[in-house]
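Chains as they are written, first to last, in our numbering: chain A, 1 to 699; chain B, 700 to 852.
Where a beta carbon is used, it is the ideal one built from N, C-alpha and C, also for glycine.
Remember, predicted model here, so these are calculated numbers, not experimental data.
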Amino acid sequence: MKQELTRRNFLRVSAITGGGMMLSLSFLNNTANAETVADTAFSPNVYIKIGTDGSIVIMAPNPEIGQGVKTSLPMIVAEELCVDWKKVTVELAPLQAGFGRQTAGGSGSVRGRFTDLRKAGATAREMLVAAAAQTWNVPVAECMAEDGVVTHKSSGKKLAYGDLAAKAATLEVPKNPTLKETKDFKFLGTRVKDVDAYKIVTGQPLYGIDTRKEGMMYAMVARPPAYGKTLGSVDDTAALKVNGVKQVVKLKNSVAVVATSTWAAKKGREALVIQWEAKEKLENSAEHFAAFKEMIEKGTNPSRTDGDWEAAKQKASKFLDVTYELPTLSHGQMEPLNFYANVQDGKAELFGPTQVPDSVRKQVAEQLKIAEDKITISSPRQGGGFGRKLMTDNGVEAALISAAAKCPVQVQWTREDDMQNDFYRPAEMYRYRAALTADKLLAWHQSGVGIGRAIRGDSYVAGAIENYKAEGQGLKSNTPTGWWRAPGANTLAFVAESFMDEVCSELKVDPVAYRLQLFEAAKQKPVGKLDYNPDKYKSVVELVAKMSNWGTKTPGVFRGFATWFSFNTYVAQVVDIKLEKGKPKIVKVYCAVNCGRVINLSGAENQIQGAVVDGICHAMFPKVTFVNGAVVEKNFYSYSMLKIKDAPLDVVVQFVPSEEAPTGLGEPALPPIAAALSSAIFAATGKRIRKMPFAEQLV
Amino acid sequence: MPKYSLFVNGKTLQAEADADTPLLWVLRDHLNLVGTKFGCGVAQCGACTVHMNDVPLRSCSLPISAVGLNKIVTIEGLSEKGDHPLQKAWEELDVAQCGYCQAGQIMAAAALLKKIPNPTDKDIDDNISNICRCGTQVRIRKAIHVAAKKQVK
Chain A
1 MKQELTRRNF LRVSAITGGG MMLSLSFLNN TANAETVADT AFSPNVYIKI
51 GTDGSIVIMA PNPEIGQGVK TSLPMIVAEE LCVDWKKVTV ELAPLQAGFG
101 RQTAGGSGSV RGRFTDLRKA GATAREMLVA AAAQTWNVPV AECMAEDGVV
151 THKSSGKKLA YGDLAAKAAT LEVPKNPTLK ETKDFKFLGT RVKDVDAYKI
201 VTGQPLYGID TRKEGMMYAM VARPPAYGKT LGSVDDTAAL KVNGVKQVVK
251 LKNSVAVVAT STWAAKKGRE ALVIQWEAKE KLENSAEHFA AFKEMIEKGT
301 NPSRTDGDWE AAKQKASKFL DVTYELPTLS HGQMEPLNFY ANVQDGKAEL
351 FGPTQVPDSV RKQVAEQLKI AEDKITISSP RQGGGFGRKL MTDNGVEAAL
401 ISAAAKCPVQ VQWTREDDMQ NDFYRPAEMY RYRAALTADK LLAWHQSGVG
451 IGRAIRGDSY VAGAIENYKA EGQGLKSNTP TGWWRAPGAN TLAFVAESFM
501 DEVCSELKVD PVAYRLQLFE AAKQKPVGKL DYNPDKYKSV VELVAKMSNW
551 GTKTPGVFRG FATWFSFNTY VAQVVDIKLE KGKPKIVKVY CAVNCGRVIN
601 LSGAENQIQG AVVDGICHAM FPKVTFVNGA VVEKNFYSYS MLKIKDAPLD
651 VVVQFVPSEE APTGLGEPAL PPIAAALSSA IFAATGKRIR KMPFAEQLV
Chain B
700 MPKYSLFVNG KTLQAEADAD TPLLWVLRDH LNLVGTKFGC GVAQCGACTV
750 HMNDVPLRSC SLPISAVGLN KIVTIEGLSE KGDHPLQKAW EELDVAQCGY
800 CQAGQIMAAA ALLKKIPNPT DKDIDDNISN ICRCGTQVRI RKAIHVAAKK
850 QVK
């Protein structure tokens, strides 16, 4: 049984967990379900609270952005703790010392925390077992824990964790608790639904946008309408006359309207008369691509050279020389950015969507000259991340507005704000060249250029062939770039694997068999540094071939294949398409994954299916175009996203059985799908698609 | 500001808002029904889908002055205990990832099941156009089929 949180009770919890942060969280946040907390008697570390009533709270330490870690991370604790999951309450942790790296990024949450969370659970279990053994005056070895109960094996005596909690709290915390043998795992690897599933389907407040606080005002911000423009004069006379508008606050390069409702803030913003001044060059996407072309023609900076491209060229009887183009992309997470901030009396309460709460706190501290320990920050469940919230702008901006307006505010972005003020997946262009004989790939040459950063060159086929050259260069631009689901890999996999399919066609070899041959070559005689494990690559290629009955033909169905390795995880995919009125219709996708041990089978499969569909969406439909520094595609009417009619009817997922520690899952299934799809389209139509979005090429 | 009476989830509720305020923001900011989500504001993404007289409606694009006393149902009013066949199917199949768009997806699907109790894949394609960047469409389709079967039972 849980009891309503009382102040007295909560202080007790805080004292046990050793921090005052929890207190502020519960009053700040009406969406994070922190109102019910067990009458905690035992809390050996920050992750676990066990009440005398047997209630168990497990904290999820990392931001939940849809990658499922609010479920999967506590599952790891629960496995070692030996509790009944149905009796566990999960809470998202605020930013607090003791929780380690509280970041959502790089598909790193599970792989980074697996061992520590096991230890956290094992510590508590060991102490509860010891408490039982002491109570019964029997050796610890004669006792076992299961489903929240300790049993004395020979006598059959039982004590529940709730009854042991008070005694366990008096024992010394073991430094090196004994972890379970992994073969004894009962819970990890099973299908567990998202801990918030019921709240999600019933529309309960869960997200930053749902924050409602006493005295809270709603704010919208007028930001520069184009990159290169800055704030000039502001006339707020009309804005202040809008019903519900309370204040207009000028920031360094933007103007905030503070009002009694979101709509009033929006209308107030529309009534502002602002002169934006062009202080820098106003850039155009067409110029970016023209610059890319020139850079590639002039030659860029080599990042890897194996063997001798020039010498290999002399021996070749055939050449391939093709260019691929990828547009700028926006993040398009479904919850437009927002943040709540209450800055008063030298203190700040911050609550909202971020993948990096620690960075937000640091920057707010810096900009507002407030000590970090006077700033509390926590995050609710978030409506998608995809890398957008690795940037701190939304949180910092809200704090600045609250400080200037001297009231608690929720700053709400519109979709148009998100589109024009993003840190985009950079546009890129690649030139690929191959030197071939009738039956051999002699040499491979990749040049990649993009806005902002150069392209790396150690991924396969490097290591598998004798002559390999990669080069690249970044283009300086005032259009901002950032991290976008599977950064780097999301473009490189498309171009490299599409080109590999072109090579296979040219050599008249089976694309699956040829990959296996390359990985075997890399294993037997690696050329230069090997950045991947050929056996693991083979494990997914072989599995997906089996899953899809590769090599068999179904009339009217055309197939494409691709494989990629990112975030320590190996993925291989086969996509089946049909042609409907000459246009591709994706029927089914097969996906094999080697990601070490799977924690939550349902969540893991969901991530893979989702990344596949996400990858299809962004291969097919959207693009961002800059004209004079402004984004042309201002909302979803022109920034086209996939609809259910465009999605595969099924995405079949299998994981390579593995006893190894878990690797990344949120991102690795996205990169290869675009190449698999373009190869299937080639199989169906004979047309190579070398430019995204595909839909524009299929007209 | 003008006052309006609305009929939402079986109750008559009052709201004081400018005539052009979209129903979405009246629900969220004035009536504290935050289950209906803002995604685009231009009737493209479907996150704000509610029912008006059993027909799906993108609430971001209908001003309060046009709502009248038409019967509005939001995700909070779809069922009393969260046990609409679609809600149960969504839970069973663990559809959600971030979950943000799912209230709108469920409302769109509920309107479809009212019109076509046992929809084909083509019916789903023709009637559901909500956006989900997480890519849950495969499970959404399955959940609609599962819910349709539950309804029959």
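Check	Outcome
Where do the ends of the alpha helix (DSSP H) carrying residue 74(A) lie?	69-81
Whole angstroms are fine: how far does the CA of residue 225(A) sit from the CA of residue 281(A)?	14 Å
Return the chain-ordered list of same chain residues with a C-beta closer than 8 Å to the C-beta of residue 466(A), the five sequence neighbours on each side being excluded.	306, 307, 312, 442, 443 and 527
Expressed to the nearest angstrom, what Euclidean distance is found between the alpha-carbon atoms of residue 433(A) and residue 507(A)?	14 Å
Mind reading off the beta-carbon distance from residue 428(A) to residue 450(A)? Whole number of angstroms is fine, and I expect it under 8 Å.	4 Å
Along the chain, which unbroken stretches of the beta strand (DSSP E) at least 3 residues long are found entirely within the region 329-411 of chain A?	338-344, 347-351 and 375-378
Measure from the C-beta of residue 637(A) to each C-beta in chain B and report whether the shortest distance is under 8 Å.	yes
When the cut-off is 8 Å and only beta carbons count, does residue 801(B) lie next to chain A?	yes
So what's residue 606(A) in DSSP terms, helix, strand or just coil?	helix
Just how far apart, CA to CA, sit residue 845(B) and residue 788(B)?	6 Å
Using DSSP with H/G/I as helix, E/B as strand and the rest coil, what is residue 299(A)?	coil
My output table needs one value for residue 445(A): the three-state DSSP class, helix, strand or coil.	strand
If you run the structure through DSSP and keep just helix, strand and coil, what is residue 229(A)?	strand
Just to check my reading of the structure: residue 774(B) and residue 802(B) have Cβ atoms closer than 8 Å, yes? What is that Cβ distance to the nearest angstrom?	4 Å
Express the C-alpha separation of residue 421(A) and residue 21(A) in angstroms, rounding to a whole number.	At residue 21(A), the pLDDT of 29 sits below 50, so the modelled position is not reliable and the matter cannot be decided from this model.
With three or more beta-carbon pairs closer than 8 Å as the criterion, would you say the region 199-213 of chain A touches the region 730-744 of chain B?	yes
Would you mind sorting residue 273(A) into buried or exposed? The rule is 16 or more other CB atoms within 10 Å of its CB.	exposed
Considering only their Cβ atoms, is the gap separating residue 826(B) from residue 804(B) smaller than 8 Å?	no
The alpha helix (DSSP H) spanning residue 844(B) covers which residue range?	836-851
Give a yes or no on whether the minimum CB-CB distance between residue 22(A) and chain B is below 8 Å.	With a pLDDT of only 32 at residue 22(A), under 50, the local geometry of the prediction cannot be trusted, and the value read off the model is given with reservation. Not closer than 8 Å to any Cβ of chain B, the Cβ of residue 22(A) fails to qualify, so no.
Looking at chain B, is there any beta carbon in it that lies within less than 8 Å of the beta carbon of residue 201(A)?	yes
Between which residues of its own chain and residue 851(B) is the CB-CB distance below 8 Å, once the five residues before and five after are set aside?	816 and 817
Cβ of residue 795(B) less than 8 Å from any chain A Cβ?	yes
With which residues is residue 715(B) paired in a DSSP beta bridge?	702(B)
So with CB distances below 9 Å, who are the chain B contacts of residue 415(A)?	737, 738, 739, 740, 741, 743 and 744
In this structure, how does DSSP classify residue 662(A) when only helix, strand and coil are distinguished?	coil
Look at the Cβ atom of residue 782(A), then the Cβ atom of residue 356(A), and state whether they are nearer than 8 Å.	The question about residue 782(A) has no answer here: the residues shown for chain A are numbered 1 through 699.
Looking at chain A, is there any beta carbon in it that lies within less than 8 Å of the beta carbon of residue 683(B)?	Chain B is shown only over 700 to 852; residue 683(B) falls outside these bounds and no answer can be derived.
For residue 752(B), I'd like the list of residues in its chain whose CB is within less than 6 Å of its CB, leaving aside the five on either flank, ordered along the chain.	769 and 770
Residue 837(B) CB to nearest chain A CB: under 8 Å?	yes
Suppose only complete runs of 4+ residues qualify. What are the alpha helix (DSSP H) ranges in the region 226-274 of chain A, listed by chain order?	237-240 and 262-271
Looking only at its own chain, which residues have a Cβ that is under 7 Å from the Cβ of residue 287(A), when we skip the five neighbours before and after it?	none
Could you check if residue 637(A) is buried or exposed, using at least 16 other CB atoms within 10 Å of its CB as the buried criterion?	exposed
Between which two residues does the alpha helix (DSSP H) containing residue 419(A) stretch?	415-420
Helix, strand or coil for residue 613(A) per DSSP?	helix
What span of residues does the alpha helix (DSSP H) with residue 280(A) cover, start to end?	It is not in any alpha helix (DSSP H) - residue 280(A) carries neither H nor E in the DSSP assignment.
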